[in-house]
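Sequence lines, in order, name chains Z and E. Be aware that the first sequence starts at 1, since it is given in my numbering, and climbs by one per residue. Be aware that the second sequence starts at 1001, since it is given in my numbering, and climbs by one per residue. The beta carbon of each residue, even a glycine, is placed where N, CA and C say it ideally should be. Bear in mind that the values here come from a model prediction, so they are computed numbers and not experimental data. To start, the structure itself, in C-alpha cells.
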Amino acid sequence: MTGPAVILAVEDDPGNVALLRAILEKAGHRLVAMGSLGEARAWLAGAAPDLVLLDRHLPDGDGLDLLAEIRRDERASVPVLMVSASVLPGDRDAALAAGCDAFIEKPVRVRTLLDAIARSLAA
Amino acid sequence: MTIEGLLGAAVDVAYVALFALTLRDYIRRPEPVRLLVAAVFGSLASVLTAPLLRQLAPTLAAPLSLLAIGAFVAQPVLVLWLVHQFRPVPRWVRSVAVIAFVLLAGWGIAVTALGTAAPAAASPVLVGGILAYFPALELGSAVALMREAKRRAGLSRARLATAAAATGLLGGSVLLLGALAVAAPGADAAGLGVRALALVAGVGYLVAFAPPPLLRRLVQQSITYEFVRDLDALPTGTPSERMWDLLRSAAARVSGANRVDLRLDGQAMGVTTTEISVPIETDGRRRGALVLTVQGRSLFVEDDLDLIRLLITRTVRSVEREEALAEREGLIEELRAASAAKSEFLAAMSHELRTPLNAIIGFSELLLEPGRGRTSRATVTEYAGHIHRSGLHLLELINDVLDLARVEAGRLDLKPAPFDVEAMIHQTVETMRPLAERRSHSLTVRTPGPVELIADAGRVRQMIFNLLSNAIKFTEPGGALQVELRAEDDIAITITDNGPGISEHETEAIFEAFHQGEGQGARQEGTGLGLALTRQLAEAHGGAIELHSSPGQGSTFTIRLPRQPAPGAVMHSEPEPTDGPRVLIVEDDPGAAQLLRIYLQDAGFQVLVAATGMQGLELARLERPNAILLDILLPDIDGWDLLQRLKLEDATRDVPVVVVSVVDDRTLGLALGAVDYFVKPVSREMLLASLGRLTFTTKVRSRAITVLVVDADQGAWEGYRSLLEPEGFTIVTASDAASGMAIASERHPDLILLDVLLPDADGLMLIGRLRADPATRDIPIWLTTPTSLSESDKARLNGNVLGVAERGEPALAALRTWLELPPRKPATVE
C-alpha cells in the first residue's frame, strides 16, 4: 500500500502523541490518537485504520489486551506495531507472542518508526 | 542363735539403719516431712530394739520399756501427721487419734510401771485398744495416701502409692500380730513374719519419702532417655510448640506436678505459693519460665529441679536450632523479594526515563532532519517546547530518584530546626494556589494558629507539596481541596480532596515507586515517586503517612510528625541555620520553585517564594531579601517589568537580582539591572556560586573574605576596616585605579569597594577594565559616590555593580545592611 494511511495511535502521554503526530504527518499519514483502551475500542468499532501503533501502559489497562482482541476478530489482519518504553526481553517476547507485527522501543528513532510503518503497510 | 533370731536381729538392725538414714536426710534438709519420716522409723526402731537394749542394759530396763511403749503407741499418730502433710486430715480425726494415743500410752505405761505380768496377758483392755487403734489409723492413713496418689501424676503418684501400701502393710501386720498373740501366745515364728512385713513396709516408706540417690538416678535416667529420644525424633521444621510440649510432659513426670505451664516472656507471669517457677534461659538469655503447679505438698528435691533444668536446656537448644533455620529461610526469602523489587524498580525506572527521552530524541531528530522544505518558526518553537518540558521532567525524575535513593540508603541528612508549621503551610498553599485555580479547585486551609515543630522544614514542605500537588492533579476540575493542621500529641497535616479516591487494595501499592492508581483517567504528569518519597521522608522524621480513601469518596492523606525528632530518626546533628541570607524566589511554576528552594535551603539560605510578579514586588519591599531569583514568564506582570520596578524603587534597588528563566536574553536582563542570568534548567553549582558571590555571610563562617578598598581618601579605609575586620574580613587597600587594578588581578578579592572619584581615572572606567579582564570579571563591586547618583546613572550602573551608596556613613550603613552585619555598637559611633 502506498500513499497516505490512517494510523491509530493508542497512547496516553500528550508529548508522545505530539511526537507521533509530527512524525507521521510529516510523512504524509493521518493520525488518530486515542488516550485509553476504552476510547480506542469505541473508535475501532466504527472505523478501520490501516495500521495501529499501540502503547502498553495505558490508564485503563495493558495494550496487549487490545492487541489480542484485534487479532481475534475480523480486523485480525491490520498491522499492529507495539511502541513501548517497557523494553525488557520479556516485554518484547510477550508483545510478539500476542501477535504484533513489530516491536518499537521508546525512545523512538524517527527512521526506525517510519521504516517499520512502511514495511507493514507494504506487506 | 537360731535362724529366726538372726533374721529378727537383721530386721532390727535394718530399722535402726533406716532410722539413721532418714534422720541424716532430715539433718541435711530440715523439712517437716523428713522429720516425720525419721520419727516414724525412730518409733518402730525403738520398739524393735527395746528387748535387745533391755538385755544390754538391765538397769535401764524399766524406763526403756516405758519409752518403747510410748514410741510404739505414737507410731500411728506420726503416720497420720505424715499423711496430713500431703492431704489434709480433718481436725476431729487428728484430735481423736491424739486422745487415743494419750489414753493408750498412759494405760500401757501405768500397767508396765506397776510391774505386774506380761502386758498382753495382764491387760486385755490394753491389747484390745491397741488392736482397734493401730489398724484403724494405719489403714485410714493408707486409704488417704492412696486417694492422694490418684490425684497426682508421674513419680509423685508412684511414691505416694508406695507409701500407702507400706502403711497398709504396717497396719495389717499389727492386726496380725494382735490376732496371733491372742490365738497362740508366744509364737516366735509369727512374730518373725510380722517383723518381715514391717521391714518391707519400712523399705516402702524409704522409697516413698526418702528415695535413695541410686533409685532416683535410675528413674531420672529413664525419663531423660525417653525425652531425648522423642525430641531428637522430631523432624526439621517441627513447630517449637511440639518441643515445649515434650518438655512439659517430661517435667510433669519428674516433678509429679499436677499441671506444668509454659510461660514464655511477654505473657502474663505470676507465681502463687503452690507454683514452682523454673526459668527458661540459656547463655544468659531468658525466654520465660516453666511453671509447675502442685496441689498439696511437693515431693520435690533439688535433684528433680536439676533434671528439669537439664531438660529445659536441651529443649531450648532444639527450639533455637529450629528458630535459626526459620530465620535463615526468612532471610533468604527477604533477599529474594528485595532482589525482585530491585529488578522491578529498574524496569520501571527504565520505562520512566524512556518516556521523556522519547520526546527529546524524537523531536530533536525532526528538527535536525534535512527537511523537505523549511520548518516554520512556530513548529521549531513547538518542538523545542516539547524537548524542554521533557528535559525538565527528566531532571525532576532524576532528582526524585536521587532523593529516594538517599533516604533508602539512610544517607538523607535531615536538618531539624524549630519553625512555625502554620506559616509554612500557608506559604506552601499560596505557592500552589495558582495551580489549583488553573483547574478551578477551591483550596481552603484550616489551622489552629502558630504551631512550633522541630523538623527539617524543607522536607516537611516537600511532603506537603507532593501531597497537595497530587490532590490538584488527580481531582477532576472544580474539586474542593482542604489542607488542615492539627496539633495533638504529634503534628498532623491533613490534605483532603474530593477526587476519584483510591480502592482499598491499592492503598498500599500507591506508595510504591512508579505506581499510579487505576482508573485515574488519563495518565498524569509526575515522576511517580512523590508518594514513595513522601512516605520515606515522614518515616525518616519518625512519623508516618496515613491514607483514608475509598473509590468515589475522595482521599485524605495525613502527614504525622512527632513534635520533635524521635531519638531513632535519621537526623542531621547540625540544625539548619535560621540566620542565613534570605533569597526571594519569584517563580509561578511550583515544581521549579520547589527545586530552587531545595537547592538554596540545602546551601543554608532562607527562602521566600512568590508565585506572581506583584507578590514578588511586595515581598521584595517588605522583606528586603539579600538576593532575588527571578523568573521572566509570570502570570501577571512579566519578569522584565518586575526587574525594572525593583530597580526604580529605593527600597529594592540595591537587592541583587539573578534571572532564572527559560527565556534566553542575557543582554536584556543585564541591561535592565540583573547581576546574573541563567537559562533553565539551571545548574545547581553555578546558581549557588553566583549567589555565594552576592551574599558573603555564609562564606565568612568558612573562610576569610578579602575586600579590596579602592579609595583615594585613606580616612575612608579606616571606616571600612572598623566595620569589616571585626567580622573576619581581610581588607586590602589601593588609593588609585592603577594599583586597584593590579591588586584585583593579583589577589582576586571577593569584593571590591570602589570610589567613583580616583586620582588617576574615573571609577566607572575602572569598572569597565575590571569587567573586561577574565581574571577580575566576576568580582562583585560596590560603588561609592560623593553625592547621590541620578536615576539614569544608577540604571546604567546596575548590572555591573552590586550596589551604589553615598560615601561615608551612608555607604557603611548600606554595606552593613547588605552584609547582614549587626548594628554598630554605640561605643564606636563616630
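Report the three-state DSSP secondary structure of residue 32/Z (helix, strand or coil).
strand
Compile a chain-ordered list of the residues in the region 10-22 of chain Z whose CB is closer than 7 angstroms to at least one CB of chain E.
12, 13, 15, 16, 18, 19, 22
Assign residue 1546/E to one of three DSSP states: helix, strand, or coil.
strand
Identity of the residue in 1725/E, 1708/E, 1773/E, 1742/E nearest residue 1782/E by Cα:
1708/E
Identity of the residues DSSP links to residue 82/Z by a beta bridge:
54/Z, 103/Z
Have a look at 1502/E, 1476/E, 1539/E, 1428/E and flag the residue whose alpha-carbon is nearest the alpha-carbon of residue 1485/E.
1428/E
Using Cβ-Cβ distances below 8 angstroms, what residues of the region 32-47 of chain Z are close to chain E?
35, 36
Among residues of its own chain, excluding the 5 on either side of residue 1450/E, which ones have a beta-carbon nearer than 8 angstroms to its beta-carbon?
1420, 1422, 1423
Find out if the Cβ-Cβ distance for the pair residue 1679/E, residue 1658/E is shorter than 8 angstroms.
no
If you run the structure through DSSP and keep just helix, strand and coil, what is residue 1787/E?
coil
Does DSSP classify residue 115/Z as helix, strand or coil?
helix
From the DSSP output, which residues share a beta bridge with residue 1444/E?
1482/E
Nearest-angstrom Cα separation, counted from residue 1391/E out to residue 1433/E
25 angstroms
Can you pull the chain E residues whose beta carbon is under 9 angstroms from the beta carbon of residue 109/Z, in chain order?
1361, 1362, 1365
Cβ of residue 1358/E less than 8 angstroms from any chain Z Cβ?
yes
Residues in the region 1650-1677 of chain E having any Cβ partner in chain Z nearer than 9 angstroms
none
Would you give the residue range spanned by the alpha helix (DSSP H) that residue 1421/E belongs to?
1421-1438
Residue 1279/E, DSSP secondary structure in three states:
strand
Less than 8 angstroms between the CB atoms is what I'm expecting for residue 1710/E and residue 1758/E, so what's the real figure, rounded?
7 angstroms
Report the residues of the region 1492-1507 of chain E with a CB closer than 9 angstroms to any CB of chain Z, ordered along the chain.
none
Distance check for residue 1483/E and residue 1489/E, CA to CA, integer angstroms please.
19 angstroms
Does the separation of the CB atoms of residue 1243/E and residue 1313/E fall below 8 angstroms?
no
Given a cut-off of 8 angstroms, decide if residue 1435/E and residue 1590/E are closer than it, judged by their beta-carbon atoms.
yes
Just to confirm my understanding: we take residue 1040/E, look at its own chain, exclude 5 residues before and 5 after, and list those with CB closer than 7 angstroms. What are they?
1075, 1078, 1079, 1082, 1205
Does any residue of chain Z bring its CB to less than 8 angstroms from the CB of residue 1339/E?
no
Chain E contact residues for residue 85/Z, given Cβ-Cβ distances below 9 angstroms
1350, 1351, 1352, 1353, 1354, 1355, 1357, 1358
C-alpha distance - residue 1012/E paired with residue 1210/E, whole-angstrom precision
19 angstroms
Whole angstroms are fine: how far does the CA of residue 1151/E sit from the CA of residue 1504/E?
56 angstroms
What are the boundary residues of the alpha helix (DSSP H) that residue 1240/E is part of?
1240-1255
Assuming residue 1502/E contacts residue 1547/E (C-beta within less than 8 angstroms), just tell me the rounded distance between them.
7 angstroms
If we ignore side chains and look at the alpha-carbon of each, how far apart do residue 1533/E and residue 1399/E end up?
11 angstroms
Rounded to the nearest angstrom, what separates residue 1261/E and residue 1109/E at their Cα positions?
54 angstroms
Use the C-beta contact count for residue 1381/E: other C-beta atoms within 10 angstroms, 16 or more gives buried, fewer gives exposed.
exposed
For residue 1606/E, the residue or residues it bridges with in DSSP
1582/E
Using a cut-off of 7 angstroms between C-beta atoms, extract the partners of residue 88/Z located in chain E.
1347
Residues that residue 1386/E contacts on chain Z, provided the C-beta gap is smaller than 8 angstroms
15, 18, 19
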